[in-house]
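As structure tokens, the structure follows; a few thoughts come after it.
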Amino acid sequence: MFDTPLNTGLWYALGGFKTSAIESLRNLANELPPDLRRTYNTILYAARILINIENPSNKYLDKNIKEAEEYQIDLQRLVKRKFPNSPPWKMYFVINLEISEFKKENTSPSMYRNIFQNTIQKYHNYKHIYTDTSKIDNNVGISMVTEN
Numbered sequence: 002m003f004d005t006p007l008n009t010g011l012w013y014a015l016g017g018f019k020t021s022a023i024e025s026l027r028n029l030a031n032e033l034p035p036d037l038r039r040t041y042n043t044i045l046y047a048a049r050i051l052i053n054i055e056n057p058s059n060k061y062l063d064k065n066i067k068e069a070e071e072y073q074i075d076l077q078r079l080v081k082r083k084f085p086n087s088p089p090w091k092m093y094f095v096i097n098l099e100i101s102e103f104k105k106e107n108t109s110p111s112m113y114r115n116i117f118q119n120t121i122q123k124y125h126n127y128k129h130i131y132t133d134t135s136k137i138d139n140n141v142g143i144s145m146v147t148e149n
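Each step along the sequence shown adds one to the number in my numbering, with nothing skipped, and position 50 is 51.
Now the structure itself:
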């Protein structure tokens, strides 16, 4: 295949010479050999298509599924999902932020538990999504948890 642009990119990125062994440069760059890289990307692409049950490309993935099976990857076990009919920005969400009104310095853990239990009882027919964020200097982290 066309490995020359990839090899040239590695030489330039790592400051190597034309005489540098390409396998050594791949090792330094933590890059897979091109054939494995293509296989990895093909399997990843197939997985992304298979997840969406409405994708018309699903019927053409037999070759990719067989290739994944050679690496003991069962693409058929992926969780299939159907995307919503309307975009997320047109959806209506009920968001309850009552618990955020209570500051940590002035609220005991048992009080938080009581507030949380009362909130859950109010919204027992709703899907619950819990979030948390933190920021340290210029780094930000976020997590989300929801039911299956």
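Using N, Cα and C, we set each Cβ at its ideal position, and we do this for glycine too.
>> What would DSSP say about Y93, mapped onto helix, strand or coil?
In response: coil
> Does the pairing of the region 60-70 with the region 31-48 give three or more beta-carbon distances under 8 Å?
Replying inline: yes
>> At the level of alpha carbons, what is the spacing between K81 and T134?
In response: 29 Å
>> Is it buried or exposed, L51, if we count other Cβ atoms within 10 angstroms and call 16 or more buried?
In response: buried
>> If you follow the beta strand (DSSP E) that T132 is in, where does it begin and where does it stop?
In response: 130-137
> Would the beta-carbon of L11 fall within 7 Å of that of L33?
Replying inline: no
> With L29 and L7 assumed to form a contact (beta carbons below 8 Å), what rounded beta-carbon distance in angstroms separates them?
Replying inline: Incorrect: roughly 14 Å between the Cβ atoms, too far for contact.
> Taking the C-alpha atoms as reference points, what is the distance between L79 and A48?
Replying inline: 7 Å
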